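Notes for the one structure printed next.
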Amino acid sequence: MEHPTNILIVDADQTLAKALEQMLSDQGHHVEKLCTGKAAFESLARKTPELVILDLQLPDTDGWHVFEQVSDLGDACPVVVVTGRELSEQAVTTLLNGPGDYLRKPISAEELAAVVQRTLENIRLRKELACLRSQKGGCYDQPSIVACSREMGQVLEMVDKIASSDAATVFIQGESGTGKELVARAIHYQSARASQPFMAINCAAVPQTLLESELMGHEKGAFTDAKNVKKGLFELADGGTVFLDEIGDMDPAMQAKLLRVLEERTFRRVGGTRDIKVDVRIVSATNRDLHKAMEDKSFRPDLYYRIGVIPVQIPPLRERRDDILPLAEFFIRQFNREFNKKVRGISRMAQKILLEYSWPGNIRELRNVIERSVILECEEQLLVENLPRELVAQSVGDNIGPLNFQLPPEGVDIEDIERELIRQALEMAQGNQTQAAKLLRLGIDAFRYRMKKFGFM
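If you count the sequence shown from 1, position 242 lands on 242 in the UniProt record's numbering, and the numbers rise without skipping.
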């Protein structure tokens, strides 16, 4: 998860509220759970949440009064309404036209989780779009992609060409954490579609039984919990872009329905009889080997050839090491602002370790490492001692091979060797005693004892 969201749950059903609170808290969000309208009014007066999940049937007031107070906060605070009562058409229209969503009780855990995930994703995308607009004076432009390597330069050249074209489908491949969604958004924001919606969904995160409804919507009565008409992402993104992340995990039956959308630009809502025509660019992405998936019959060849007309391959971070330090510095500036820190750079030893690490988690892992290090850092430079142990261990381990020292016939003074190792460790660690001790696999007290013994302190 990129950033935790402040979520307010107002629900008299304590069993449902507690289960939802646990689920969202486990995902890292900040959750406040209340069961009365009075408590909700007091909380909203103190602070503005980023998402409200609201039961309309509260013990002390009509939930509509809470809804009205949240609505006064504007689109910055979406509301997911849950209720067991029958609503008028006007009330349903009000809810569906807002920035949130509406669910009729009884609600399945899967359905509620999917709706909350989609609403949180839309919150994140709205924030990013607002940031881009403010940075560019209201204009739409490519999101910040830090790229100094030749490999990523070629990717960005491809992005420019695709964005200026009328290509209806784009296929992005790359390992997890390489920035596939960032490239997809860059294509959207540099294109003529930039003022229209960019809608994203992770096909692996949404239960396959709900994915069709999420993408294509459903008609009232299409299934047990379909109490009202719901528009899907294709319909909501008309004129813009739909990003299908992890398309390789899509169920084969859903793949066939997606193929029809790609070929005809039409679809039917679940339970519907009317074809709906849309104009959307579909950008799909995966970290799976789709050739292998086609061999084992889990991915349709006709869909692969349809989405793969314009492929974009994003190299892993270990294959574009010229981007590691610029990305690290970019994240340092970002987290300096977020955590009010003043880290100005990266020590030479820390740079060496960052450059030598293999980065199996790619940019996402690098971002997490820098976030952790900036939070812990008290100096003006990011130092080795605040890097995760596995990074330091791999770097040190990779540089330790068989000892080539040959004992001479006349022998040596072992203390001379020990003194030289202490000196070299201090030099490599730029005087940082904690890191120098780690290089020699010594505890800090044992290392300082030797420093004093050999006159280094």
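Backbone N, C-alpha and C fix where the C-beta goes; we use that ideal spot for every residue, glycine too. For clarity, every value in this text was computed on a predicted model and none was experimentally measured.
Candidates the options: which alpha carbon is nearest residue i's?
| i | options | result |
| --- | --- | --- |
| Ile353 | Leu387, Ala17, Leu156 | Leu387 |
| Val79 | Glu50, Pro106, Glu86 | Glu50 |
| Leu236 | Asn228, Lys227, Gly217 | Gly217 |
| Ser347 | Leu120, Pro207, Ile332, Glu338 | Ile332 |
| Val116 | Glu21, Gly411, Ser298 | Glu21 |
| Gly431 | Ala293, Thr273, Glu157, Arg448 | Arg448 |
| Gln173 | Pro311, Asn362, Lys161 | Pro311 |
| Ser213 | Met254, Gln196, Ile107 | Met254 |
| residue 530 | Glu410, Lys341, Gln351 | The first residue shown for the chain is 1 and the last is 457, placing residue 530 beyond what the model contains. |
| Lys180 | Arg193, Lys230, Val155, Ile414 | Val155 |
| Gly84 | Thr434, Asp11, Phe330 | Asp11 |
| Ile7 | Gln14, Leu16, Leu34 | Leu34 |
| Leu421 | Arg104, Arg450, Glu86, Gly308 | Arg450 |
| Phe223 | Ser195, Asp160, Gly272, Leu366 | Gly272 |
Would residue i pass as a contact of residue j if the rule is Cβ separation under 7 Å?
| i | j | result |
| --- | --- | --- |
| Ser284 | Leu244 | yes |
| Val280 | Val242 | yes |
| Ile247 | Thr286 | yes |
| Leu215 | Gly239 | no |
| Asp166 | Cys203 | no |
| Met349 | Val384 | yes |
| Ile370 | Ala328 | yes |
| Val162 | Ile145 | In the sequence under discussion, the amino acid at residue 162 is Ile, which differs from the Val named in the question. Not in contact: Ile162 and Ile145 (Cβ atoms no closer than 7 Å). |
| Glu380 | Arg344 | yes |
| Leu303 | Leu259 | yes |
How far does the beta strand (DSSP E) with residue i in it reach, from first residue to last?
| i | result |
| --- | --- |
| Met158 | No beta strand (DSSP E) holds Met158; the alpha helix (DSSP H) holding it covers 150 to 163. |
| Asn368 | Here Asn368 belongs to no beta strand (DSSP E); instead the alpha helix (DSSP H) covers 362 to 376. |
| Asp101 | 101 to 104 |
| Thr169 | 169 to 173 |
| Arg281 | 281 to 286 |
| Asp62 | Looking at the DSSP string, Asp62 is not in any beta strand (DSSP E), and its letter there is neither H nor E. |
| Phe447 | Looking at the DSSP string, Phe447 is not in any beta strand (DSSP E); the run it does join, the alpha helix (DSSP H), is 444 to 453. |
| Pro316 | Neither: Pro316 is in no beta strand (DSSP E) and is coded neither H nor E. |
| Glu379 | Careful: Glu379 lies outside any beta strand (DSSP E) and carries neither H nor E. |
Check the C-beta distance from residue i over to residue j and give it rounded, since I have them as a contact under 8 Å.
| i | j | result |
| --- | --- | --- |
| residue 480 | Glu151 | Nothing in the structure corresponds to residue 480, since the chain is present only between 1 and 457. |
| Asn362 | Glu175 | 6 Å |
| Leu54 | Val31 | Contact flag wrong, Cβ pair sits at about 14 Å. |
| Leu44 | Glu111 | Leu44 to Glu111, Cβ: 26 Å. No contact. |
| residue 458 | Arg185 | Beyond the ends of the chain as shown, which are 1 and 457, falls residue 458; an answer cannot be given. |
| Cys148 | Asp322 | 5 Å |
| Ile107 | Asp225 | 7 Å |
| Lys220 | Val206 | Not quite, the Cβ-Cβ distance comes to about 21 Å (not below 8 Å), so this is no contact. |
Drop a sphere of 10 angstroms on the beta-carbon of residue i, count the other beta-carbons inside from all chains shown, and report buried for 16 or more, exposed for fewer.
| i | result |
| --- | --- |
| Gly63 | buried |
| Phe234 | buried |
| Leu403 | Here Leu403 scores only 49 on pLDDT, less than 50, and its place in the model should not be relied on; the value that follows carries that caveat. Classification for Leu403: exposed. |
| Val52 | buried |
| Ile444 | exposed |
| Leu382 | buried |
| Ile201 | buried |
| Met199 | buried |
| Thr61 | exposed |
| Ala393 | exposed |
| Arg441 | exposed |
| Ala446 | exposed |
| Glu338 | exposed |
The alpha helix (DSSP H) with residue i in it runs from where to where?
| i | result |
| --- | --- |
| His188 | 180 to 189 |
| Ile201 | No alpha helix (DSSP H) contains Ile201, which is instead part of the beta strand (DSSP E) from 198 to 202. |
| Asn336 | 324 to 339 |
| Thr434 | 433 to 439 |
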